[in-house]
């Protein structure tokens, strides 16, 4: 499942270069919500931003059969199959650890493939990457209009504009909401569609706030390309604690911002104005 991933088959990524490499992770979630079509759209977004050899699709054993045909059509994209789905935290940190070990200065852009959001997110992805270049300590969520009143990782209630980054339309994160109310109040919430962060910063935050997940994954760091990785992954995931990226991790991250897509930004502003009046 893990063996043969070969994330660095095009050569070591560290070394002198003008700008950090961009790695795109496409996170399929535990079960396919809307079939391979949503995964295909996420992969297309990812390969428009980064070369295919720096795109990683992360699926689980349960979801893999539903997208096997699609992934076979993209042989340059690495695929990691988790033996079991143990929450969105492990889903992100497994590929993040592998990249950070070899390319710690890389920028990671993680795209959700379950599409719990509406509206185009692609125009904001490059802006989120830009924000990380300006503030390497930031973790940036791209937020869109929710498609549902419930989502595995909840919704973001945005706060005030972030000092010094107003030109990028970045907002502070006030809180996470795990069941959206109906009506006007729900218009002030955003569904996370993507996350941008430096690899080194992400792993450091993970070791601080969810050490149990990273410690469980550590045995896979050195052997991801080796034949024994598949068997080791089975043992690792038997011990893996279930952890939500939002509940157990993002709620604790100090330098967290959200970038609303344009139509969601308008709705957030209108909702705040109407609730205040």
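In the numbering used here, the protein residues as written are 2 to 278. Backbone N, C-alpha and C fix where the C-beta goes; we use that ideal spot for every residue, glycine too.
Tell me which same chain residues have a C-beta within less than 7 Å of the C-beta of residue 96, skipping the five on either side of it? 26, 57, 59 and 81
In whole angstroms, what is the alpha-carbon distance linking residue 185 and residue 102? Low per-residue confidence applies at residue 185: pLDDT is 46, beneath 50, and the placement is therefore not dependable, though the value from the model is reported in the following sentence. Spanning the two alpha carbons is a distance of roughly 45 Å.
Who are the Cβ neighbours of residue 208 in its own chain at under 7 Å, not counting the five residues just before and after it? 215
Check whether the region 101-115 and the region 39-46 touch, using three or more Cβ-Cβ pairs below 8 Å as the test. yes
The alpha helix (DSSP H) with residue 25 in it runs from where to where? Note, residue 25: premise wrong, no alpha helix (DSSP H); beta strand (DSSP E) at 23-28.
Given residue 234 as reference, the closest of 91, 250, 21 and 200 once Cα atoms are compared: 91
Using the beta-carbon count (16 or more within 10 Å), is residue 255 buried or exposed? Counting Cβ neighbours within 10 Å, residue 255 comes out exposed, since fewer than 16 surround it.
Need the endpoints of the beta strand (DSSP E) that residue 109 sits in, please. 108-113
Backbone CA spacing between residue 51 and residue 77 [nearest angstrom]: Roughly 12 Å between the two C-alpha positions.
Check whether the Cβ atoms of residue 169 and residue 132 sit closer than 7 Å, and answer yes or no. yes
Using 8 Å as the cut-off, can you tell me whether the region 156-174 makes contact with the region 125-142, which would need three or more C-beta pairs spanning the two stretches below that distance? yes
So, for residue 128: in the same chain, excluding its five sequence neighbours on each side, which residues have a beta-carbon less than 7 Å away from its beta-carbon? 169 and 260
Uninterrupted beta strand (DSSP E) stretches inside the region 156-199 (no shorter than 3 residues): 172-180 and 192-199
What are the complete alpha helix (DSSP H) segments, minimum 4 residues, inside the region 51-113? Runs found: 65-73 and 89-103.
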